[in-house]
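I have placed the structure first, in the form of structure tokens, so that the comments after it can refer back to it.
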Amino acid sequence: MTIASESAVVSPTASALGTEWWRSAVIYQIYPRSFADLTGDGVGDLPGITARLDSLAALGVDAIWLSPFYTSPQKDAGYDVADYCDVDPLFGTLADFDALQNRAHELGLRVIVDIVPNHTSDAHRWFQEAIATPAGSAERARYMFRDGKGASGDLPPNNWESVFGGPAWTRLTEPDGTPGQWYLHLFDSSQPDLDWENPWVREQFRDILRFWLDRGVDGFRVDVAHGMIKQAGLPDYTPTPGGSMGGSGSAAEGVSLEPGISDHSEDQPTAPFWAQDGVHEIYRDWHTVLAAYDGDRVLCAEAWVEPLSKLARWVRPDEMHQAFNFSYLETPWTGPALRRIIDDSISAFASVGAPSTWVLSNHDVVRHASRLALTAENPQGAGIGPNSAGLPDPDLGLHRARAASALMLGLPGSAYVYQGEELGLPEVIHLPDAARQDPTWFRTNGERYGRDGCRVPIPWEADAPAFGFNATGESWLPQPEEWAGYARDAQLGVEGSTLELYTALLALRRESDLGMGTLEWITGLGESVVAFTNAGITVIANTGQVPVELPLGTVLASSGPVIGGSLPADTTVWLKLAE
Ligand code: GLC
């Protein structure tokens, strides 16, 4: 066996860019509904999070990102905000938020909150005022109201579809009871899109950002950061089949994934509601709002934009700091695809001086412990459920997930970890229909399962009610019985557990500062092997079915047993090579 080093791919993080924490941070996503529930009502809350923060510090992450906890009717699990500057009673109070943030900061964890600027809830005062005033009012101009087509205006203004299924327009009943104008909602009908061409809207959001920055947050994850500006004239749009999110995809493909199908290098025509050039002016403005504060505050874009060279525009030096690398998340578990996406990611982000990010799971996609055992023949953007074709083999999924995580955490740049992946949690497939809550499920009449399967409350204690999620046993989505085996306390201190694997990898990552390292490829181990060195650590992932002979060295960590110097299928190892 020969091992040859290829010319180094220089990571931007390796250059002298100062101590900007976010360039190398591991950021843990907390989904408040499902993390920990102190009140026992079955929905997680902020005091529950505070009480459990120590375990995240022990895990070794650098920051937390909190999905929305703001005042909301919860039609889209809190991504339908009715008051951006208050906490929903379901989750607690502003004082609870302050306590959470203080504790996090004491533990050395930064705190990123979610901001949802593309749309509000229809319960937001702005929208309620808009529908209480006549067409043409200043209040209506906050949103995307339009007259309908046809003689009596009873056809929607254009043919756009909602990401969650069905038309993206809903017709109002005017205050006098007559059928009236239509409003645009790229998501649920309870989530009207704001009109970001309106300076009033921009002013409100500057104030909202300052409200949270004044409270001390370290940054924002920006929801639907590619959707806020729509093409002038709102032209009809028919998506190309097989396209993905940022390019030719329809709104209906907004949070969909098609592993192995989309070509991440292809610059496809842009839908008139995604990735319009006008969004960048907004982020330049926000950049200056953040820059006026001390302490290195950040913006992270949730922008489903492809290819990566286009996504890089979101993280130019005067815009956001990070963007989620969904192209990486969508990459199938094969050597060539992974090597290509890693190269493309590092170079695309480097071209604008930004770090690459890496992510495998979040609250919108099938958990990677299940997804990586699905096949390309089984598109899974709609979520998976009991009637889905080709359900994943749980053992294969977990095996691959651990290997994929060990590969991701060895890369330079910043990585995101979604709550529960450190426990190896799979997607919950057998949720009863009656329990489902994702608007996607309702808007498609059950045709698409949606995202509930990745949002089930996480297990802390094997033998406690609701596995320690709370003390009452209530849970807004039912937890599968077998989750006792995944509980944190069942894994803590247990050699070879997924929790111990993550803890070991994160400790090594921090010790060797892998986030700020430089990736250097190692070749010669075979097509299915992804191998590189980063800051003195050699990471080797075997995506194939045949064991691979390892170079001589000391095993620092491994996603599965390494026996007799050979690396089994679907396993990743971190080595210190022999001199
Ligand atoms: C983002 C969120 C998702 C939400 C949607 C609408 O994609 O991550 O959960 O449903 O925006 O706000």
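My numbering puts the first residue of the sequence shown at -7, with every later residue one more than the last. Quick reminder that beta carbons are idealized off the backbone N, C-alpha and C, glycines included.
Span of the alpha helix (DSSP H), counted from its first residue to its last, around residue i
i: D336; result: G327 to A342
i: K302; result: L300 to L303
i: V281; result: V271 to A283
i: S362; result: H360 to R363
i: L388; result: P386 to M400
i: T581; result: This structure gives no information on residue 581, because the portion of the chain shown stretches from -7 to 571.
i: T31; result: Premise fails: T31 is in no alpha helix (DSSP H) and is neither H nor E.
i: F265; result: F265 -> no alpha helix (DSSP H), and no H or E assigned at all.
i: W13; result: Careful: W13 lies outside any alpha helix (DSSP H) and carries neither H nor E.
i: P431; result: P431 to R435
i: F318; result: F318 to L321
Cβ separation of residue i and residue j, assumed to be a contact under 8 Å, to the nearest whole Å
i: P227; j: P264; result: 5 Å
i: L205; j: Y285; result: 5 Å
i: G415; j: L491; result: Here the sequence assigns Leu to residue 415, which means Gly is not the residue at that position. That belief holds up - the Cβ atoms of L415 and L491 are roughly 6 Å apart, short of 8 Å.
i: L423; j: G445; result: 6 Å
i: R501; j: V18; result: 7 Å
i: E294; j: V420; result: Not really, about 23 Å apart at Cβ, beyond 8 Å.
i: N534; j: L506; result: The Cβ separation is near 20 Å, so there is no contact.
i: E12; j: D288; result: 6 Å
i: T112; j: V79; result: Contact flag wrong, Cβ pair sits at about 16 Å.
i: L291; j: L403; result: Not confirmed; about 22 Å, so no contact.
i: F179; j: D68; result: 6 Å
i: Y135; j: D168; result: 19 Å between Cβ atoms; not a contact.
i: V209; j: V281; result: That pair is no contact at about 13 Å.
i: I532; j: V521; result: 6 Å
i: G545; j: L567; result: 4 Å
i: Q21; j: N379; result: Not quite, the Cβ-Cβ distance comes to about 29 Å (not below 8 Å), so this is no contact.
Residues that DSSP places opposite residue i in a beta bridge
i: Q21; result: W57 and Y410
i: V522; result: A533
i: I555; result: S558
i: W350; result: A407
i: E153; result: P159
i: K568; result: T546
i: Q314; result: C292
i: E357; result: With the sequence shown as reference, residue 357 is identified as Val, and Glu is not the correct amino acid for it. Per DSSP, none; premise fails for V357.
i: V540; result: L559
i: L147; result: K141
Residue i: CB within 6 Å of a non-hydrogen atom of the ligand GLC
i: V357; result: no
i: Y410; result: no
i: V73; result: no
i: D68; result: yes
i: F524; result: no
i: D215; result: yes
i: F197; result: no
i: F179; result: yes
Opening and closing residue of the beta strand (DSSP E) in which residue i lies
i: R163; result: W161 to T165
i: E512; result: L511 to T515
i: A293; result: V290 to A293
Ranges of the alpha helix (DSSP H) found wholly within the segment 171 to 213, counting only runs of at least 4 = The qualifying runs are 191 to 207.
Pick out the complete beta strand (DSSP E) segments inside the segment 62 to 141, 3 residues or longer, and give them in chain order.
-> Counting whole runs of 3 or more residues, the segment 62 to 141 contains the beta strand (DSSP E) stretches 75 to 79 and 102 to 107.
Complete beta strand (DSSP E) runs within the segment 476 to 507 (minimum length 3 residues, chain order) = List check, beta strand (DSSP E) in window: nothing returned.
Ignoring anything shorter than 3 residues or poking outside the segment 438 to 463, list the beta strand (DSSP E) runs there in chain order.
-> Taking only runs of at least 3 residues, no beta strand (DSSP E) segment lies wholly in the segment 438 to 463.
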